[in-house]
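In what follows, a single structure is set out as structure tokens and then discussed.
Residue numbers (UniProt numbering): 1 to 687.
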């Protein structure tokens with residue numbers, strides 16, 4: 001607080017009043033002078049706390065301030081009036097945010113004094129009789145909307161602030177209505193007539209009016225920028241630190257939302273203000289109002305405004321992300337925004353199956369590009385999105401890549417993100433895996449043969465775990481892609497590829513017994529040899545060898561044929577073409593006895609496969625592999641027996657029977673010194 005101990009303050013202000021009569025005396029100095037004066041006077045003790053002996057001096061000081069303000073308005077030349085009015089009002093508005101009631105009250109009386117003096121000024125004389133009266137507000141009242149917003153908020157507050165605020169509003173309303181009555185635009189006239197027809201405002205000099213009544217009464221006489229200032233002032237009043245009543249601010253905002261086409265002309269400006277203040281607004285009523293406003297704005301935004309908003313407020317910004325989560329929480333709003341943004345483009349295909357959880361990330365991805373059609377064109381940033389923990393996000397990105405990979409130019413560029421695409425194959429979602437497989441298949445089909453060979457050598461082994469995937473579609477697609485990778489290997493890469501294809505033989509062998517006929521070969525059908533030098537091109541978006549019309553090698557069987565070709569194992573190729581799976585197993589073990597232990601380990605998980613045919617094939621193969629295993633120790637045989645024991649109660653009788661016979665022979669072998677001769681009996685069982 002400043003002590004009232006001398007007459008210096010009033011003398012200084014009266015001096016400024018006298019100086020204002022000299023045209024250039026205060027030019028450029030008004031704002032700094034006013035700030036000093038207002039700080040000195042407004043922070044004086046409340047009137048009731050002023051000692052009795054100083055009351056006269058206090059009164060004279062307040063009168064001196066009014067004299068100064070009146071002189072500043074009446075003596076200011078027209079050429080500087082706009083600048084001076086803006087400086088004075090801005091200086092006064094600063095004190096509206098004070099935590100002290102008496103400071104806010106004095107600032108409001110200062111505003112009332114300014115409005116009164118402005119209205120009473122002889123403008124014709126000031127303008128040398130050449131002034132057009134209707135343009136007074138536009139020319140000399142630059143912050144009308146901002147001022148109205150504050151006065152509306154004060155109009156239902158405590159008595160000390162309500163009185164000057166209401167008085168100022170009534171005076172200003174009469175002036176604005178008179179000044180603009182003959183200069184209304186068509187939309188302003190419609191709003192005025194609507195309010196008159198509805199008679200939903202009690203704004204009159206003899207009635208106490210609400211802030212919403214004030215907004216409705218003034219609305220029809222305000223220009224778009226002025227209406228925006230009222231809205232932005234109400235928004236800022238909602239923040240927790242604001243001295244205004246939050247429900248009062250919400251009532252003003254409700255008027256704007258009721259006629260949003262009229263009030264909310266600059267949506268981007270409003271959203272920017274919301275983004276700035278969102279985390280500072282926690283009051284329940286204010287937050288509910290803000291959420292409703294965001295949803296309304298989003299539903300009204302055209303595509304271009306949404307795109308601009310994404311660029312200025314990207315969801316990667318944490319504060320902007322909060323805003324986007326609110327804006328897109330309603331399915332109808334989400335659908336509208338996404339359809340607007342992708343209208344007429346290939347990206348509309350991406351919207352199929354996009355969930356609400358994906359929307360913000362999808363929009364963030366689109367904001368990376370100036371052009372809808374090329375929003376995934378810069379592949380470098382996709383590495384981050386492909387590693388995103390959200391399954392929905394990876395799904396959307398891969399869906400975009402499927403579309404882009406259909407063109408040769410884009411598909412060839414995608415090699416840079418191939419490791420990240422392959423990594424998505426480890427995801428739990430079958431949808432993600434399928435899309436990744438399609439993209440990889442497209443890339444393989446569009447790159448040159450040597451590049452496809454390099455891709456196969458690097459990534460074919462990553463497909464092997466998918467052969468046991470729960471989804472039959474994933475199994476089919478992964479086996480087809482694996483087959484095409486094996487086929488793509490050029491001569492110079494064959495040696496590096498042999499280890500991978502040998503590890504893939506056992507899984508493929510079991511998939512030849514898959515009950516899904518897309519995975520397995522058709523039983524009993526002899527398949528002709530794959531023609532050497534046949535033409536290669538895409539199958540399901542990837543390369544496929546065109547066979548004679550009488551032949552149709554299916555998934556696993558064809559993959560085994562391609563593997564046999566790469567290994568130059570003619571006997572294996574012939575057996576695969578005939579679908580003699582039991583002989584294929586024996587062929588594998590005979591050709592590569594050193595891998596018998598590895599084959600045993602690979603086959604044991606199939607004992608728990610949901611398909612009975614695969615469990616039966618696994619038992620049969622384990623029996624054969626035990627015969628060829630170099631480790632014929634009792635411990636090893638007991639390990640195999642323990643793996644087979646659960647099948648004694650298998651749902652399939654054929655599996656039970658085969659498991660029991662295999663177990664019996666293995667137990668006998670483990671107790672006899674002539675185990676190797678006993679194990680040969682298995683050959684009779686499986687041949």
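The C-beta atom is built at its ideal place from N, Cα and C for all residues, glycine as well.
Nearest to residue 90 by C-alpha distance, out of 50, 35, 79 and 173, is 35. Distance from the CA of residue 603 to the CA of residue 477, rounded to the nearest whole angstrom, comes to 21 Å. Across the structure, residue 273 and residue 232 are spaced so that their CA atoms are roughly 7 Å apart. For the pair residue 153 and residue 237, the CB atoms are nearer than the 8 Å cut-off. When the beta-carbon positions are compared, residue 483 and residue 558 come within less than 8 Å of each other. If you ignore the 5 residues before and after residue 327, its C-beta comes within less than 6 Å of the C-beta of 294 and 298, all in its own chain and listed in chain order. Given a length threshold of 4 residues, each whole run of the alpha helix (DSSP H) inside the segment 48 to 114 is given here in chain order: 55 to 75 and 78 to 94. Annotated three-state conformation of residue 447 is coil, per DSSP. Just measuring C-alpha positions, the residue of 282, 223 and 589 sitting nearest residue 177 is 223.
By alpha-carbon distance to residue 186, the top candidate from 589, 489, 101 and 220 is 220. Closest in C-alpha terms to residue 270, from the list 225, 470, 283 and 242, comes 225. Secondary structure within the segment 257 to 313: the alpha helix (DSSP H) runs of 4 or more consecutive residues, fully enclosed, are 260 to 263, 267 to 277, 284 to 300 and 303 to 312 (chain order). Judged by DSSP in its simplified three-state form, residue 568 adopts coil rather than helix or strand.
Per the Cβ contact rule, the segment 610 to 625 is in contact with the segment 581 to 599 (3 or more Cβ pairs under 8 Å). Going by beta carbons, residue 65 and residue 86 fall outside the 8 Å limit. Ranked by Cα distance from residue 472, the first of 555, 278 and 461 is 555. The C-alpha of residue 515 is placed about 27 Å away from the C-alpha of residue 459. According to the DSSP assignment, residue 146 belongs to the alpha helix (DSSP H) that extends over 144 to 154.
When the Cα atoms are used, residue 68 and residue 93 turn out to be separated by approximately 17 Å. By the C-beta density criterion, residue 562 is buried, having at least 16 other C-beta atoms within 10 angstroms. In the pairwise beta carbon analysis, the segment 105 to 118 is classified as not touching the segment 50 to 58: fewer than three pairs are separated by under 8 Å. Judged by DSSP secondary structure, residue 467 falls outside any alpha helix (DSSP H); it is assigned neither H nor E. Counting along the chain, the unbroken alpha helix (DSSP H) around residue 214 starts and ends at 211 to 219.
Take the alpha-carbon of residue 653 and the one of residue 481: they are about 35 Å apart. Nearest C-alpha to residue 440 among 468, 410 and 428: 410. Around the beta-carbon of residue 487, 16 or more other beta-carbon atoms lie within 10 Å, marking it buried.
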